[in-house]
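Take the position in the sequence shown, starting the count at 1, then add 1; the result is the number in the working numbering.
C-beta: ideal position from N, C-alpha, C; glycine also.
Report on the structure given below.
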Amino acid sequence: MIYFDNAATSFPKPPFIAADIGEFLSTEAVNPGRSGFDLSLKAGQRIDKLRLRLARFFNHPSHDPDRVIFTPNATSALNIAIQGICEPGDHVVSTVLEHNSVLRPLHELQKFGIDHDLATCDERGFVEVDTIESLLKPNTKLVIVTHASNVLGTVQPVQAIGQLCKARGIHFLLDIAQTAGVVPVDMAAIGADLVAFTGHKGLMGPTGTGGLLVAGDGNLKITQWGGTGVRSAERDHLLEYPYRLEAGTLNTVGLVGLNSGLNWLANNGSAQVETELSTQLLQGLNDLPHTRILGLEKGETSILETHHTAVFSLLVQGFSPEKVGMILDVDWDMAVRTGLQCAPLAHAAMGTSEKGTVRVSLGPFNTPSEIDRLLDALESIK
Ligand SMILES: Cc1ncc(COP(=O)(O)O)c(C=O)c1O
2 MIYFDNAATS FPKPPFIAAD IGEFLSTEAV NPGRSGFDLS LKAGQRIDKL
52 RLRLARFFNH PSHDPDRVIF TPNATSALNI AIQGICEPGD HVVSTVLEHN
102 SVLRPLHELQ KFGIDHDLAT CDERGFVEVD TIESLLKPNT KLVIVTHASN
152 VLGTVQPVQA IGQLCKARGI HFLLDIAQTA GVVPVDMAAI GADLVAFTGH
202 KGLMGPTGTG GLLVAGDGNL KITQWGGTGV RSAERDHLLE YPYRLEAGTL
252 NTVGLVGLNS GLNWLANNGS AQVETELSTQ LLQGLNDLPH TRILGLEKGE
302 TSILETHHTA VFSLLVQGFS PEKVGMILDV DWDMAVRTGL QCAPLAHAAM
352 GTSEKGTVRV SLGPFNTPSE IDRLLDALES IK
């Protein structure tokens, strides 16, 4: 099988991750804690080291490991941030490019008197900072932007948006589900107050991992209460980070895998491979006039120049995306994602709401011969 669905989750994972997880499971996988027996302390230290590593990796402004909160995925991190910041009467500005992990919480919060407006994108799939600015109101408390669209791969001008939010004293929540491990994320330079990440895509970790980085002193409201493993006699949930926003047993097994994913990235990196494969794909598509990539012109072949990740929404003339996906799967044994990819408003903005697109998303383990095969397959669908 040829896998082109890395925007959903990276696959395969670097081989030693399974071995690292296996070893941890058989030797050390106890519940981590700051008090307790040796093995529990050791597991706790691993988790705390990973917090610091991620704080550095994303350049958290103070590199404070306690401000790296672990969650099961980006969705959970986004929910904790959104609900932790917003109060009835507040207003939120976000974008049409967001994943349902932002759109649905915002939709739900309307029932509690928290309103929002969504900035639209241009025909190439970019949201301009001026559009965000035009939507700000005196009661705007939070701006939420995805670093890169999971439909179009467009990398948004987040630094300019961060500066705008700083100047207006508005919290800025950045969703890096599509960029973590692929595009450098410098939380301090961007000026993001909150960064939600997922561990199972570009960071190469297993599913069930993700988190939220919290900058500054602004304390988020607690929206989940439970066990923290320390000071169990207290009836109130702990106020200090990281416990403040973590309740229940952490996915230590997954987090060990995430750490291994970071080890792999440190020695390999994936961006260059994906950039080269993208150029090969886009050059090949130039010769296939019955295909087009949403938001890109024929002849544009460098994702560095077009500010893209290696995620492409493809259309094949005369064939529905679903049909193309089926042919690729059945006849060519290739995995792509068709439809709306959990971001319906991005499709509405690009005019592809009805049937969506064929999303081809590359990863570090794709090869030039796999791209050739994809081009052969697309050549044959007409
Ligand atoms: C832009 C974006 N945000 C959030 C998410 C949600 O990530 P997770 O499934 O890890 O919760 C995704 C997943 O595809 C995404 O692409």
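My understanding is that residue i touches residue j, with C-beta atoms under 8 angstroms, so please give their C-beta distance in whole angstroms.
| i | j | result |
| --- | --- | --- |
| residue 347 | residue 42 | No, residue 347 and residue 42 are not in contact; Cβ-Cβ is about 46 angstroms, not under 8 angstroms. |
| residue 208 | residue 76 | Contact flag wrong, Cβ pair sits at about 12 angstroms. |
| residue 100 | residue 344 | 5 angstroms |
| residue 148 | residue 175 | 6 angstroms |
| residue 246 | residue 48 | Contact flag wrong, Cβ pair sits at about 14 angstroms. |
| residue 378 | residue 329 | 6 angstroms |
| residue 212 | residue 183 | Actually they do not touch by this definition, with Cβ atoms about 17 angstroms apart. |
| residue 364 | residue 153 | Not a contact, Cβ separation roughly 17 angstroms. |
If we count the other Cβ atoms within 10 Å of its Cβ and call it buried at 16 or more, is residue i buried or exposed?
| i | result |
| --- | --- |
| residue 342 | buried |
| residue 185 | exposed |
| residue 2 | exposed |
| residue 261 | buried |
| residue 327 | exposed |
| residue 112 | exposed |
| residue 194 | buried |
| residue 303 | exposed |
| residue 227 | exposed |
| residue 20 | exposed |
| residue 234 | exposed |
| residue 169 | exposed |
| residue 221 | buried |
| residue 79 | buried |
| residue 139 | exposed |
| residue 68 | buried |
| residue 52 | buried |
| residue 28 | exposed |
| residue 135 | exposed |
Between the alpha carbons of residue i and residue j, how many angstroms are there, rounded?
| i | j | result |
| --- | --- | --- |
| residue 324 | residue 290 | 18 angstroms |
| residue 199 | residue 285 | 32 angstroms |
| residue 150 | residue 275 | 16 angstroms |
| residue 167 | residue 250 | 35 angstroms |
| residue 308 | residue 155 | 6 angstroms |
| residue 71 | residue 130 | 30 angstroms |
| residue 88 | residue 115 | 7 angstroms |
| residue 190 | residue 55 | 16 angstroms |
| residue 95 | residue 38 | 46 angstroms |
| residue 361 | residue 368 | 14 angstroms |
| residue 248 | residue 240 | 12 angstroms |
| residue 215 | residue 59 | 11 angstroms |
| residue 371 | residue 62 | 40 angstroms |
| residue 92 | residue 177 | 22 angstroms |
| residue 224 | residue 269 | 38 angstroms |
| residue 385 | residue 160 | No information on residue 385 is available, as it lies outside the stretch 2 to 383 that the chain covers here. |
| residue 31 | residue 232 | 19 angstroms |
| residue 24 | residue 332 | 39 angstroms |
| residue 163 | residue 133 | 11 angstroms |
| residue 294 | residue 102 | 25 angstroms |
| residue 18 | residue 258 | 6 angstroms |
| residue 158 | residue 125 | 13 angstroms |
| residue 279 | residue 172 | 34 angstroms |
| residue 206 | residue 8 | 13 angstroms |
| residue 339 | residue 382 | 16 angstroms |
| residue 46 | residue 141 | 39 angstroms |
| residue 196 | residue 334 | 36 angstroms |
| residue 373 | residue 272 | 19 angstroms |
| residue 321 | residue 355 | 10 angstroms |
Check whether the Cβ of residue i sits closer than 7 angstroms to any heavy atom of ligand 1, and report yes or no.
| i | result |
| --- | --- |
| residue 368 | no |
| residue 102 | yes |
| residue 199 | yes |
| residue 269 | no |
| residue 225 | no |
| residue 347 | no |
| residue 122 | no |
| residue 87 | no |
| residue 182 | no |
| residue 147 | yes |
| residue 193 | no |
| residue 6 | no |
| residue 166 | no |
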